[in-house]
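Heads up: the structure comes next, in structure tokens.
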Amino acid sequence: MHPRPNFTVVLRGFDRTEVDALLDKVSRGELNLAGGTVFDFTVVLRGYDREQVNAYLGRLAAPDAADGP
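Numbering of the sequence shown is given in my numbering, commencing with residue 16 and proceeding in unit increments.
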């Protein structure tokens, strides 16, 4: 599991509560991001940087190098 980052809070970004709830589910094993699941976060004032969140979720969804051939 990747360490959970401290996302930058920007003027217009993803809803922090929604992102935190998703990451909590992932950390508890209740949700697997493999398979290209798409999430539609609400864009709010003073939310998490969208590029940072998308990049982090992409890393979580990528197959683990240790599982490779």
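Beta carbons: idealized from backbone N, C-alpha and C, even for Gly.
Quick check on DSSP: helix, strand or coil for residue i?
| i | result |
| --- | --- |
| Y63 | strand |
| G50 | coil |
| R19 | coil |
| A76 | helix |
So if DSSP puts residue i in a beta bridge, which residue, or which two residues, is it bridged to?
| i | result |
| --- | --- |
| G28 | V59 |
Between the beta-carbon of residue i and the beta-carbon of residue j, is there less than 8 Å?
| i | j | result |
| --- | --- | --- |
| Y63 | G28 | yes |
| L26 | R74 | no |
| G51 | A76 | yes |
| F56 | V34 | yes |
| R65 | L38 | no |
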